[in-house]
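Residue numbers (the working numbering), protein chains in the order written: chain A, 1 to 275; chain B, 1001 to 1630.
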């Protein structure tokens, strides 16, 4: 449907305005101006911030430069989450642009993964895709693809090529019609305040009777607190790609259209704004 | 998009019992609702988060870039300026020109910078060009890669195909090897069986040999016993005889007119080689003791046939018209053919003078033995002996000249009485042509040699074959001495048989098939003719070839060409294939005479009369020739 294609495009080309400022702790030769950038929601921080790095390296001495890392309001930003997820989780209802602080030293070993080169990001991205397909198709579709097809997925993401990416990705979004959907839905539910990084469980998109299940059914099972009863004020916001879909939205449709390029449906649950 | 499965809806309907139509619309409406919500929300988000900031960030970044560039330029300008100022500081004098030179310098710098700029533009263009070229190369390489991959696939297919073939070949090879192994095993098994059988055969042959030797030993013992008895018998008889003779000598005897034995005893007194022992009682028995006496039964039967002729002197064999064995007066080498006559219809194989030299017997392929009387150089036909069913191969008279023995191609030997030409005995038993038959010296036994490679010993009293020995080769001719039978064979060998032990005593090998044998008067020399056209004299005492006679034109005409000694053993006569009679001198070893005016075809047999006066020869072409020296 035309609507569905639009949704896919809008999801792919989603952007977040960000303002990168160098941390005051860093030693600079002169003052650095902040760097503004429209971050793609579906990509990864370290993949799209080459210009940022170059901009700030201009004012720094090479001997002071270690690995770059980003932080927002004190919490280091995990580059292996998609940028959109990080924003929805940390700064969803704050003023735009998103102010990110850039660091070059004191890498927080216990909180962040090292990102030595783009191949690390590629490996992480492909592993997410494989995990998603394992849930959806028992890895049959991803294993039938050749190495060049996998490469095409990555290159599509890296070079921001919607058509190149979706030429391959549509295969991963197919399912046998008699099933009614994927075997299991690949999703992750993120929370700001939680010991565990995210919730990920096995969830079928179709009920045993054959009815398609909705987002509400998913939350009811895995995060019942997110569903608000009629009279009570909303306690949580359920955000996917910066929007709050209705709870009646079928989870199968969400997985097909609102997944990230890594084929996972990343759901951020944040406390509702008090105002 | 979700395809609303009608089945699911029907289920839904049945479960909730709601109107199908309404819910379908409601379902569609619900679908529209949440999707529209999502679409609208996304658009809203983009408006807020993207569109509001896009342009500003873009412009900001451009300005940032420009300012960086300016900073770089200004830095460079500053350093240049600084340099310039330094230079000018060093040359303070030119004040007025300072402004001009400064301007000039500025202009120069500008020019330099412009040049740099154009250079950089050029470089940029070149880089863009190389980028395009590299892209082309990449495309080209991609195409190559594709074609290579296609080739690889093809090769892989080929490989799997060849692997399949290889597997098949290996399988068939394994099968062949297995079959080969099976055959080898079978062969080994057969080899073992064969070896076992060979072993068995050897053992059996050994056993056989052992049994044969034991049997021979027993036979020898028997023979010895028999001999001893015979000796006793003969001694007894001799004693009796002596006594009777002594008695008779005291009495005067009536002389009967037709008592030929008187003649016999007269002639016998002259002495020849062949006399029966009992006729000459005055002769020292020592000469003849080794000779067994003729069995009494035969004598009786013979005298019965012809009437009683009791006479001391007739103790030996003497039927009516027994011919007196003529003594050899003088051997004369013939020089001319006295009488050439047709002897038979067809080939004449054998010729023999009677012991008295008066009769000549010839045998031919017409199955007859013809008797001729030799009267003053002519041969007058006397009679024919019939009875044979096939050609005659050899003729012999017994030592008295009363019986004639002929061997025939009808596998039998026959004995006729010479006087009345009646057939007396037929000795059958051979399984092949009988090529030669001889009386043993006691005239009571006959030995015959046959094409069937055996020699048979016949006893005339019982008229049965006493012994058969297997010679191994067809026997062409036989001669006998007291103890020994000598046979000449097709396989070039002359075999010497001991009569008593019936075994081969000796073998002598010649260079060609032995066609004829003859003994000299005292049986000390053996004459042998062989197909290599050589006539040899073998000394029986030393068993060595003493002399060899050959001649340029002399060729053996057949396997049965008969040669002969002269009666005194001083000449050897042999007929050749070209019809020439050759006579050699034994003493000198040289050819004495060649008589070619007589025969027109190959000479088969030669006989020298015991008187020494005549030589008779017969040929393939039915003629017989009587030769003499007159």
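Note that the Cβ used here is the ideal one computed from N, Cα and C, for glycine as well.
Could you check if residue 191/A is buried or exposed, using at least 16 other CB atoms within 10 Å of its CB as the buried criterion? With 16 or more other Cβ atoms within 10 Å, it is buried.
Our contact map puts residue 107/A next to residue 67/A with C-beta atoms below 8 Å; I'd like the distance itself, whole angstroms only. Right, the Cβ-Cβ distance comes to about 5 Å (below 8 Å), so this counts as a contact.
Which residues DSSP lists as bridging residue 75/A, in chain order: Paired residues: 72/A.
Please list, in chain order, the chain A residues whose beta carbon lies closer than 7 Å to that of residue 1145/B. Listed by position along chain A, the residues whose Cβ is nearer than 7 Å to that of residue 1145/B form an empty set, because the closest Cβ is around 10 Å away.
Looking at C-beta atoms only, is the number of pairs between the segment 175-188 of chain A and the segment 134-151 of chain A that lie closer than 8 Å three or more? Proximity of the segment 175-188 of chain A to the segment 134-151 of chain A meets the contact definition, three or more beta-carbon pairs being nearer than 8 Å.
Which bits of chain A does residue 981/B rub up against, with CB to CB less than 9 Å? The question about residue 981/B has no answer, for chain B in this structure spans 1001 to 1630.
Rounded to the nearest angstrom, what separates residue 1439/B and residue 1399/B at their Cα positions? Put simply, the backbone Cα of residue 1439/B is about 8 Å away from that of residue 1399/B.
Residues in the segment 123-153 of chain A with C-beta within 7 Å of chain B's C-beta atoms, listed in sequence order? Flagged: no residues at all.
Examine chain B for any beta-carbon lying closer than 8 Å to the beta-carbon of residue 243/A, and answer yes or no. By this cut-off, residue 243/A is an interface position.
Which chain B residues are close to residue 97/A, counting only those with a beta carbon under 7 Å from its beta carbon? Neighbours of residue 97/A on chain B, chain order: 1053.
Beta-carbon of residue 1046/B versus every beta-carbon of chain A: anything under 8 Å? Taking CB atoms only, residue 1046/B has a neighbour in chain A less than 8 Å away.
Buried/exposed call for residue 1517/B, threshold 16 Cβ in 10 Å: Buried.
Between residue 88/A and chain B, is the shortest Cβ-Cβ distance under 8 Å, so that the two count as touching? Judged by the 8 Å Cβ criterion, residue 88/A is not in contact with chain B.
According to DSSP, is residue 1332/B part of a helix, a strand, or is it coil? Three-state DSSP puts residue 1332/B in coil, outside helix and strand.
Would the beta-carbon of residue 1605/B fall within 8 Å of that of residue 1586/B? Cβ distance not < 8 Å, so residue 1605/B and residue 1586/B don't count as in contact.
Using three-state DSSP, classify residue 1032/B as helix, strand or coil. DSSP places residue 1032/B in helix when its eight states are reduced to three.
Going by beta carbon distance, what residues of the same chain come within less than 6 Å of residue 44/A, once the five residues before and after it are set aside? Within the same chain, residue 44/A has close Cβ partners 79, 121.
Which residue marks the beginning of the beta strand (DSSP E) containing residue 1547/B, and which one marks its end? Start and end: 1544-1549.
Listing by chain order, which chain B residues have their CB less than 9 Å from the CB of residue 7/A? By Cβ distance, chain B contributes 1035, 1038, 1039, 1042.
Contacts that residue 249/A makes with chain B (C-beta to C-beta distance below 7 Å): In chain order: 1034, 1038.
I'd like to know if residue 179/A contacts chain B, where contact means its C-beta is closer than 8 Å to some C-beta of that chain. So, not an interface residue.
Residue 1405/B - containing alpha helix (DSSP H), residue span: According to the DSSP assignment, residue 1405/B belongs to no alpha helix (DSSP H) but to the beta strand (DSSP E) extending over 1403-1408.
Determine the contact status of residue 41/A and residue 83/A, defining contact as a CB-CB distance below 8 Å. Yes; because the gap between Cβ atoms is below 8 Å, this pair is in contact.
With 7 Å as the C-beta to C-beta threshold (strictly closer), list the residues of the segment 23-55 of chain A near chain B in chain order. Close to chain B, meaning a Cβ-Cβ distance shorter than 7 Å, are the following residues of the segment 23-55 of chain A: 33, 36, 37, 38.
State the Cα-Cα distance for the pair residue 1362/B and residue 1472/B, rounded to the nearest angstrom. Their backbone Cα atoms lie some 30 Å apart in a straight line.
Let me know if residue 1313/B comes out buried or exposed under the rule of 16 or more other beta-carbons within 10 Å of its beta-carbon. Note on residue 1313/B: pLDDT 43, under 50, position unreliable in the model; no value is reported.
Quick one, which of 259/A, 85/A, 149/A has its alpha-carbon nearest residue 198/A's? Closest option to residue 198/A, Cα to Cα, is 85/A.
Rounded to whole angstroms, what's the CA-CA distance from residue 1316/B to residue 1614/B? Just pull it up for me. In this prediction, residue 1316/B scores a pLDDT of 41, lower than 50, which makes its location untrustworthy; no coordinate-derived value is stated.
Once DSSP output is grouped into helix, strand and coil, what is the label at residue 1312/B? Caution is warranted here: a pLDDT of 39 is assigned to residue 1312/B, below 50, making its placement in the model unreliable, and no coordinate value can be reported.
Assess contact between the segment 261-275 of chain A and the segment 1053-1070 of chain B, defined as three or more Cβ pairs (one per stretch) separated by less than 8 Å. Is contact present? The segment 261-275 of chain A vs the segment 1053-1070 of chain B: no contact.
For residue 39/A, which of 208/A, 65/A, 16/A, 51/A has the nearest alpha-carbon? Ranked by Cα distance from residue 39/A, the first of 208/A, 65/A, 16/A, 51/A is 16/A.
Cβ atoms of residue 1550/B and residue 1533/B: under 8 Å apart, would you say? It is a contact, given that the beta carbons lie within the stated cut-off.
Residue 219/A at chain B interface by Cβ criterion, 8 Å: Closer than 8 Å: no.
Indicate, with yes or no, if the ligand ATP has a heavy atom lying under 7 Å from the CB of residue 1578/B. For the structure depicted, the ligand ATP is absent and the ligand set is empty, with no information on it obtainable.
C-beta neighbour in chain B for residue 246/A, strict 8 Å: Interface flag for residue 246/A against chain B is set, since a Cβ pair is found closer than 8 Å.
If you measure from the beta carbon of residue 270/A to each beta carbon in chain B, is any gap under 8 Å? The beta carbon of residue 270/A sits no closer than 8 Å to any beta carbon of chain B.
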